[in-house]
Every structure is written in C-alpha cells, then in structure tokens.
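To start, the structure under review is shown below, and the notes come after it.
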Amino acid sequence: MHDPEVAQLLASIGTVEDTGALRSLRDRIQEELERKLAITSVEQFYSDLNEVHDAIVSRAVHLAEQDMARTGNGFPPVPYAYLLFGSGGRSEQTLSSDQDSAVVYDIPDDADNREQVEAYFRTFAQIVVETLKSAGYPPCEGNVISTNPEWCESLSEFKRKLNRWFEEGHWEVVRYLLIVADARIAAGDKRLIDELKESFYRDTLEKPLIVRRMLDNTMKHKVLIGVFGQLLKERYGEDSGSLDVKYGAYIPMVNAVRLLAIQAGIRETSTLERLAKLREQDRLPAGEAEKYAAAFRLFLRLRLLTMERNEGGMYKNNGKIAGDRLTAELRRDIKEALKAGKRLQRLVTRQTTSKLL
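At position 263 of the sequence shown (counting the first as 1) the number is 263 in UniProt numbering, and the numbers step up by one without a gap.
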C-alpha cells in the first residue's frame with residue numbers, strides 16, 4: 001500500500017470485531033481510493049484496491065473462526081484454505097466485486113470425525129459469506145461460492161472432482177476447470193492450494209485433449225470490434241450506446257492469456273503477471289506481449305469507469321461504459337486495444353490447435 005492515509009485505514013481492518021465496522025471501513029477506504037484514481041497508475045490502483053479486498057476477506061474469515069468458537073463449535077479442527085476465484089483470484093477486482101470462493105480442508109477419507117468436520121466448515125462458510133454480504137459483497141450469481149457444498153469439500157474430494165472434470169470434458173465442467181486455474185488463497189494453509197494446483201496441472205499434461213475444450217470455452221466472448229474497425233456498442237435497452245467493457249474487452253483477454261498460461265504451466269493468476277511470464281518463456285514475442293499488456297491496462301482502467309450502483313447495500317457494476325464518456329481520443333485508444341485483443345485471440349487459437357494436430 002503506497003498511500004499512507006489508506007494504509008492507516010487498511011491496518012484498522014485487522015482490528016475490527018463486527019461486520020458493521022468492517023462495512024464502514026470498506027466504504028471509507030474505497031471513497032479515499034476513488035479520490036486518488038486520477039493521479040494513480042492503473043497497476044498501483046488495482047494493487048492497493050485488491051489489498052483492501054484481501055484484508056476484508058481475511059478479516060471475515062477470522063471473525064467466522066471466532067464466531068464458531070464463541071458458539072461452542074470450536075476452532076478449525078483440521079487445516080483449511082479459503083480460496084478466491086474470478087477477478088478475486090486474479091487480483092483484478094474493481095470497486096464492486098462479488099464473492100467467488102471455496103473452502104478446501106485436509107482430512108483423510110476414512111477419518112472417524114469426517115461428518116463433524118464437514119458440518120463445521122459448512123457452517124463456517126455460511127458465516128464468512130454472510131459477513132462479506134454485510135460488507136457489500138454479493139454472492140456469485142453462478143453459485144461458485146463456499147456455501148455451495150460442491151465448493152466446500154476436502155482436498156482429496158476436490159482432487160477426485162478435478163480428475164472427473166478432466167475425464168468428462170463437457171462445457172460446464174470445463175468452465176469449472178478454468179475457474180480453478182484462477183484460484184488464489186485468501187486465508188489458511190497455502191499447502192492445500194499448492195496441492196490442488198499441482199493436481200490441476202498434472203491432469204492438464206496427462207489429458208491434453210481437454211485443451212481443445214478449454215479453447216472452445218475461451219473463445220466464447222469475442223472482442224467488440226467489427227470487421228471495419230468500428231466499436232460494437234449496445235444497441236437496445238437502457239444501456240443503448242454503451243460499450244460492454246467487461247465481456248467485450250476485458251474477459252476475452254483474460255480468457256486468452258489464461259489458456260496460454262495453462263498450457264505453459266504458469267502458476268501466476270493475474271493476467272499481467274501471466275503475460276510477463278509468457279514473455280520470459282519466449283512464448284510471446286516481447287513486442288507483442290507489451291502491446292497486449294498495454295491493451296489490458298487500458299481495459300483495467302476502463303473497468304473503473306463503468307457504471308457503478310449500490311443495490312440493497314451491495315456494490316454492483318454492470319461492466320459497461322456509457323456512450324457519452326467515450327471521447328474521440330478514448331474511442332481511438334479502445335479500438336487499438338481491441339485490435340490487439342483480436343490478434344491475441346487468433347494467436348491463441350492458432351497455437352492451441354497446432355499442438356493438437
């Protein structure tokens with residue numbers, strides 16, 4: 001954290017003892033960060049902002065542990081890890097972010113207290129999620145969240161599930177595999193996520209045909225630039241004239257870079273870190289890699305300009321930038337960045353399919 005005022009508020013997160021204070025601190029910190037957006041580099045801003053999100057999640061986990069002990073359930077009976085997926089896993093959360101999460105815990109399959117441990121962590125996950133809801137983080141709409149029993153399981157069960165997903169290979173389970181590729185630990189025992197990722201990358205090597213399925217999923221979202229270089233804006237409804245930055249610019253690049261990183265065995269989760277590693281490994285030409293990184297930085301900044309709203313106490317964002325904010329200069333920059341995104345998608349398709357021939 002490079003800003004002393006925000007750093008002081010950030011340190012306070014580690015001392016709060018109730019959800020109301022946690023929400024109040026989040027509001028104050030985000031207001032302070034927003035004021036400094038115009039004078040802060042996009043990478044520094046995201047670094048500071050995601051440090052705040054991480055601290056809030058970590059504190060929510062701590063408060064849940066304390067709540068479990070206070071209500072007679074004791075402290076965590078076995079090692080566990082609280083994981084983040086999506087933009088949280090990639091450290092790319094904006095001012096508004098939902099909850100994409102999981103709990104993985106370490107217990108032998110034949111342990112006598114297995115049912116009690118499962119019950120403990122399901123209750124624990126419920127407390128964490130409710131605490132974060134109170135702090136303004138809505139649950140993931142796709143139900144990839146630690147309160148879903150499918151995402152609150154033992155390490156051994158998660159490994160078996162990964163293996164099963166690799167075997168099945170249909171659209172939905174491939175989506176889950178790509179979600180796991182972005183996983184990052186928020187609290188707990190890092191060894192567990194390391195083992196989970198090791199299993200993921202080992203299965204990727206042993207079942208290379210899954211990459212074909214991953215490519216199909218990766219190319220679902222196309223960059224919003226037409227064949228004549230025009231921006232493809234929303235045509236109907238209340239968002240008419242706006243540009244869908246999230247699904248028409250940001251997500252296509254996230255997906256493309258992630259697939260290259262998976263094939264290269266790169267464990268980093270942030271898109272810019274993945275690009276840097278791909279360049280270091282000579283999997284991308286240095287010049288092109290920098291153009292992709294520059295385009296992605298623009299998309300990150302644009303995401304901070306998209307329409308924010310507060311619904312029922314939750315921070316929300318529709319991922320679209322209003323048409324009246326698209327100046328001639330900004331439109332020109334966006335077009336160049338989208339062209340880079342389109343080149344990247346073509347490169348990923350070409351490289352991936354050539355390996356499968």
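Beta carbons are placed, not taken as given, at the ideal position from N, Cα and C, and that holds for glycine.
Per DSSP, the bridge partner or partners of residue i
i, result
"E172", "DSSP lists no partner for E172."
"L84", "S101 and R184"
"P208", "Answer is none; P208 lacks a bridge partner."
"P139", "Q99"
"E153", "V104"
Identity of the residue in the options nearest residue i by Cα
i, options, result
"V180", "D189, Y201, C140 and K190", "Y201"
"I334", "R184, N50, D109 and L243", "L243"
"E51", "M68, G169 and Q8", "Q8"
"T306", "L298, L83 and G312", "L298"
"R70", "E17, S91, E31 and G237", "E17"
"R184", "A264, A289 and Y82", "Y82"
"D110", "Q66, A264, S156 and A322", "S156"
"L356", "Q263, L275, V128 and P285", "Q263"
"S199", "G265, L326 and R235", "G265"
"L278", "V348, T94 and H53", "V348"
"T19", "E288, A135 and M68", "A135"
"E206", "G188, A186, E167 and A187", "E167"
"L344", "L326, R303, F296 and K320", "F296"
"M68", "V128, A186, K339 and G312", "V128"
"R23", "A186, L284 and A55", "A55"
"residue 361", "L224, Y250, R332 and G169", "Lying outside 1 to 357, the shown extent of the chain, residue 361 is not represented and no answer is given."
"D194", "L232, P208, Y80 and G248", "Y80"
"T131", "Q66, S87 and L232", "Q66"
"A322", "S87, L338, E336 and L304", "L304"
"P4", "D48, S41, R325 and A328", "D48"
"K133", "T271, K291, V57 and L37", "V57"
"E336", "L231, K320 and A186", "L231"
"residue 382", "V245, H53 and R283", "An answer regarding residue 382 cannot be provided, because it is not within the stretch 1 to 357 covered by the chain."
"A187", "K197, L84 and R114", "L84"
"L330", "S270, K342 and V245", "V245"
"A261", "E34, L284 and G248", "L284"
"K291", "D282, E273, G341 and R325", "G341"
"L178", "L224, P108, G226 and R267", "R267"
"Y247", "K320, L259, G226 and K197", "K320"
Exposure of residue i, with buried meaning 16 or more beta-carbon neighbours within 10 Å
i, result
"E280", "exposed"
"L25", "buried"
"S91", "buried"
"A293", "buried"
"G89", "buried"
"A289", "buried"
"T15", "exposed"
"I13", "buried"
"S240", "exposed"
"D182", "buried"
"R191", "exposed"
"Y236", "exposed"
"I145", "buried"
"D112", "exposed"
"S41", "exposed"
"H170", "exposed"
"Q93", "buried"
"L209", "exposed"
"A328", "exposed"
"I29", "buried"
"G229", "exposed"
"R346", "exposed"
"G86", "buried"
> Curious, which full-length alpha helix (DSSP H) runs of at least 4 residues does the segment 5-76 contain?
Replying inline: 19-35 and 42-70
> Unbroken beta strand (DSSP E) runs of length 3 or more, entirely within the UniProt domain "DUF294" (210-351): which are they?
Replying inline: 308-311 and 314-317
> Any chance the segment 88-106 sits against the segment 144-155, with 3 or more Cβ pairs inside 8 Å?
Replying inline: yes
> Is the segment 165-176 touching the segment 69-84 in the sense that three or more CB pairs, one from each, lie closer than 8 Å?
Replying inline: no
> On the three-pair Cβ rule with 8 Å, is the segment 57-71 touching the segment 120-132?
Replying inline: yes
> Between the segment 250-261 and the segment 213-226, are three or more C-beta pairs nearer than 8 Å?
Replying inline: yes
> Pairing CB atoms from the segment 208-215 with CB atoms from the segment 340-357, are three or more of them under 8 Å?
Replying inline: yes
>> Check whether the segment 136-149 and the segment 92-102 are in contact - that is, three or more C-beta pairs closer than 8 Å.
In response: yes
> Are three or more beta carbon pairs between the segment 158-167 and the segment 112-121 nearer than 8 Å?
Replying inline: no
> Do the segment 83-98 and the segment 315-333 touch if we need at least three Cβ pairs shorter than 8 Å?
Replying inline: yes
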